Structure formats: structure tokens, C-alpha cells
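Residues in the sequence shown are numbered consecutively from 3, following my numbering.
One structure is given below, encoded as C-alpha cells.
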Amino acid sequence: MSYVEKAFYQYVKNIFTSGFKVLFSKKYLFYTIAFFLISVTSTVFYLIGRNYTELAEIGAILIKVELSFAVTYVFFGLFFARFPVKYWGIPAFLAAAGGSVLLHFLPIISPFVAIVGYMGWIFVSIFLTFSLSRNFWGNRILGSVMFLGKRADEGSILFGGVVFILSLINAGIASYLIYLGAKSSDYFLIGVSIFAIIAVIIVNIIIFSLGKNDDVFYTILSFFYIIAGFNLWKLLFFTISSDSSNDTGTYNIGGTLAALFLIFYTVSNYAKKLKKIEEPKVDEIYDQIKDKKKKDEIERIEEEEEEKWSLLNIPNSIGPLGVLMIVMGLVMSYHVIYLQLLTGGDIFSEFFLSENVLVGLKDKFGVVLLTFILIFYLLNYLLSTNFRMYSSPTLYRFEFLPPYEELVERINRVRSGEDSWKQYANMLIKQGVKAGAKSTAQKVFVAPTKKVAGAIGGAFTTSKKGVTKGFNKVFRRKDKKKKS
């Protein structure tokens, strides 16, 4: 595999492996088992109950149980998860049981509770999508590979042409939705479509103007738009097929799979913190090792850089367990709605919104929210230094590498025998030493905004030791031990 492929697969693999470790660790195992047990059991009994009348009542009860646990997860995750579980574990269980009884005897409450959780998950998932895009393009390994050899002042975002074409497609979809809205006098659809066009305009301003100021942040923001903008495509499919016998449950299966992926992604961010919590003795031993101390210092600096933005204080104040419970609770609400859409369930039988209207409302909400969040992030980037540090992380570009066209030409000349590969290897080493010396002298990494990312060593001296240290810093190599 190529470097990009390996980096990408490693990034996705880390999400699932570290997420799995967190979900099934001692600290979170009970909440994970409860989440999957409730969700799977309600799904099985509810689907079977549609064909077997004697099981239908059990399925209906389990739906109320899942909805009650969803509310309990969110409420206790918000306010109590940072405290020892012995103080709130039993009250949480009693609250979930009492809520199940209340929803069973007052079924009119169920649709309101389900819709709040449903829309809450749409809101949270869009913010998680930005975090996913940020951690993909801003990842110290994958991001550095993607930006390898690209000059910070080149004046373009990555894959700007692809983003431009997709934005034009979105503009066409929005225009067609305006036409459909005018034809059916659906002014709400027209308003949502106008918001979609505003988002397209913002993205094109990024591509052709703003991107030259900070290619990392605007690449992150552009691909966040592409991923979250899928709601516009779903809204088009829903609007076109709304008059037919569309299976709204099948229509939402992609959202369910995305929800499960975002659960793994959310908890994977806490994998390092969890390891430090559960294995303090091991860390204490490793802290005595010089290389471990250096690694810990790098991780500490990176975490501080990521967590300075004020909005990140919200999940930090809630704590890892609280964040996990909130996400799981919202996903359970989403899952309840999904079962209703899949089977034409009964909790919306006497509600003023039908399942079909609810599906369209969810996608419309997502389109409007995306536009507001784009504006919100742009304003934060202009006004908040801490947000700029979070949203535009430092990457290792290796700008001394030759341009792509020149590199291809050199490889062809080596292949044809016109030049020797040793010649270019020596040149590459010299450029690496020169770049290392420059980086050490300036005490900064190359960053897209030309901001100081932190010192990487002492002041440069003309000695061999100073040059070697700068070279090793650039290439992220560990210092070799001197032979005695």
C-alpha cells in the first residue's frame, strides 16, 4: 500500500480498535452492555411482534424501556457522570424503570421525548462530523502525509477542484428543490434550499479566496461541508419519492450505521486518557524512561493545543463517561424513531407529525444547521486564537521536497538510467539537514498560519551536534544512543 493508504487505514483502524477498547473496558463495560442489550432486544421483539400478535405488546413495552433509558443516559451523563457511580448508579436505574412505567401509561409523551432525542442526535452528530474532519486532516501522521511537500503559501486547499464540483452539484440540487417547493407551494422547503445555496457560496469563497490564508483549516472546513452536506442529497431523494410508497426505514439505515461509527469515534478520543486512568502503575514506571517522558510531553502539548478552545470545555467538564452516556442516549432515541419508520410503528399514530414528515424535517434541520455552523466556525476562526490553534493544527510538511512534476521527472530519469538515485538521495539528505538547522534556529515548525507552534530544541549552533539534532527533529527520528 502507498503511504496515504496505510495512513488512512491506520486512522480508521485506530478509531475502531481504540473505541472497542474503551467501550469494553472495566470503566465503561456496564454502560456498553446495557446499551447494546436494550437496543438489540427492542429491535428483535419489535420486528418479530409485527408478525406475531402475542409478541407485539412485549415489543411496544421494550420501545418505552429503550426511550426511558435514552433519557436517563442523557440526563445522568450531563449532570452526574463525573461523580463516583456509587452515588448515582441506583437512582439512575430507578429513574429508567420509573420512566418506562410513565411512558407506558402515558403514551402521548413518547413521541415528544423521541423527537427531542432524535433532533438532538442530528445536532450533536454534525459537530462530531467537524471533529472527524479536523482529526482526519489535522492528524499529525495522516495530515502530514496528505500535506507532504505542499508549501503553506501555495494558495489552495487540498482537493479544491473536487470540492468545487460537489458544491456545484449541491447548488443544482438546491435550485431544483426551490423549483419543487414553488410548484407545491412548500415555502419551508424553499427557505431550506436558500440556506443550502448560502452554504455553497461560503464554500466557494473558501476555495477561491480564503483557502490561501490557511490551507489546513479551510481544507478541514470544506470536507466537513461535503460530509455533512449529504443531508441535502437525502432531502432531494425524500422529496422526489415522498408521494410514492417509500420505505422510510430503509431510507434511514445509512444514518443508523453512521451513528454506530460516531459512537466508536467519540470514545476513541478518550482511549489515551482511559489508559492513564486504568494503568497508573505502568505509567509511573514508564515515566522513568527518557523516551517515554519525551513522548508524554509531546502528547501533553498536543492535548493542550486541542483543548484550549472554550467550546471544548463542555465535554471536558462532563467527562469521558458523561460524553459516552450522552451520545449513547441520543443514539437510542434515534434508534427508537428508526424502528417506527421501519415498521410504521404506533407511537406516532396519534401525533400531529407523521413518520414521513419527520424524516423530511430531520434532513431540513440538518441542511439549515450546516449553514449556521459554517458561519459559526468562520467567525470563531477570525475572533478566537484558541480556536485557530485547535482547528489548524501544526503539520510536518517537509517543504524542502521538490514539486510533484519535478519529482516525477527525476524518477523517470533515474528509471531510464540518465541519473543515479544516489545523487538525489545525497541531495535529499543535505536538504533535510538544512531544513533541520533552520527549524532549530527559528524554534518553530512550519505551520499554515506562520504561527509559533513551540520550540523544538535549543538555539542552533554550528556544531555537528546541533545540525544532527535539527535533522532528527524534522524527520521525527529518535536520537541514537552513543556507543560507549
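Idealized CB from N, CA, C, for every residue including glycine.
Fair warning: this is a prediction, and the values are worked out from it, not measured in the lab.
Residues of its chain near residue i, where Cβ-Cβ distance is below 8 Å and the 5 sequence neighbours each way are ignored
i	result
Ala487	In the structure displayed, the chain extends from 3 to 486; residue 487 sits before or after that span and is not available.
Tyr178	Leu238
Thr45	His337, Leu341
Ala94	Thr74, Phe78, Phe82
Tyr33	Tyr75, Leu323, Leu326, Met327, Met330
Leu160	Trp139, Met148, Phe149, Lys152, Asp217, Thr221
Gly321	Ala83, Arg84
Length of the line joining the Cα atoms of residue i and residue j
i	j	result
Asn233	Val333	18 Å
Val410	Arg399	18 Å
Gly231	Ala154	27 Å
Val87	Leu96	14 Å
Tyr120	Ile35	22 Å
Val370	Ile167	21 Å
Ile328	Val126	10 Å
Thr19	Leu31	15 Å
Ile492	Ala176	For the chain, the structure presents residues 3 to 486; residue 492 sits outside this window and is missing.
Lys364	Phe240	11 Å
Asn388	Pro395	11 Å
Val165	Ser393	19 Å
Leu385	Ile171	32 Å
Lys236	Asn315	33 Å
Leu313	Ile229	22 Å
Phe190	Asn414	58 Å
Ala58	Val118	25 Å
Leu182	Tyr89	55 Å
Asn390	Ser186	For the record, residue 390 in the displayed sequence is Arg; it is not Asn. The straight-line gap from Cα to Cα measures roughly 44 Å.
Lys366	Phe263	22 Å
Ile50	Ile40	15 Å
Buried versus exposed call for residue i [16 or more other C-beta atoms within 10 Å across all chains shown]
i	result
Ala261	buried
Phe219	buried
Glu7	exposed
Val417	Residue 417 is actually Arg in this sequence, not Val. Burial call: exposed.
Gly1	Nothing about residue 1 can be read from this structure; the chain reaches only from 3 to 486.
Ala184	exposed
Tyr383	buried
Arg84	exposed
Ile222	buried
Val325	buried
Phe81	exposed
Gly193	exposed
Phe78	buried
Val103	exposed
Gly140	buried
Ile180	buried
Gly151	exposed
Ser195	buried
Tyr48	buried
Ile124	buried
Gly61	buried
Leu108	exposed
Gly91	exposed
Chain-order list of residues whose beta-carbon lies under 7 Å from that of residue i (same chain, five-residue window excluded)
i	result
Gly101	Ser70, Val73, Thr74
Ile17	Phe266, Tyr267, Ser270
Leu259	none
His106	Ile63, Lys66
Residues near residue i in its chain [Cβ-Cβ closer than 6 Å; skip 5 each side]
i	result
Lys214	Gly157
Leu514	Outside the displayed span of the chain (3 to 486) sits residue 514, for which this structure offers no information.
Tyr227	Val205
Ser135	Ile222, Phe225, Phe226
Phe353	Pro113
Gly21	Phe266, Val269, Ser270
Lys453	At Lys453, the pLDDT of 39 sits below 50, so the modelled position is not reliable; the number obtained from the coordinates is stated separately. So the list is empty, once near-sequence residues are dropped.
Proximity winner among the options, relative to residue i (alpha-carbon distances)
i	options	result
Gly368	Leu108, Ala98, Phe225, Gly122	Gly122
Asn137	Gly324, Leu355, Thr268	Thr268
Val67	Arg84, Ala176, Val42	Val42
Ile208	Ile377, Tyr178, Val118	Ile377
Gly174	Phe226, Ser394, Leu238	Leu238
Val361	Leu326, Ser243, Ser394, Leu223	Ser243
Phe38	Leu397, Ser386, Ile265, Leu371	Ile265
Phe129	Phe374, Ile50, Ile180	Phe374
Phe132	Leu25, Asn315, Phe225	Phe225
Leu355	Gly163, Ile199, Leu372, Ser112	Ser112
Ala198	Ile320, Leu372, Leu212	Leu372
Ile200	Ser186, Ser211, Ser169	Ser169
Phe162	Gly91, Phe210, Met391	Sequence check: residue 162 is Gly here, not Phe. Comparing Cα-Cα distances from Gly162 to each of Gly91, Phe210, Met391, the minimum goes to Phe210.
Leu212	Ile110, Ile40, Arg412, Leu381	Leu381
Val359	Gly257, Asp188, Ala98	Asp188
Residue i CB to nearest heavy atom of the ligand GTP below 8 Å
i	result
Leu264	The ligand GTP is absent from the structure shown, which contains no ligands of any kind.
**Asked** Counting Cβ pairs closer than 8 Å, one from the stretch 137-147 and one from the stretch 6-17, do we hit at least three?
**Response** Short answer: they touch.
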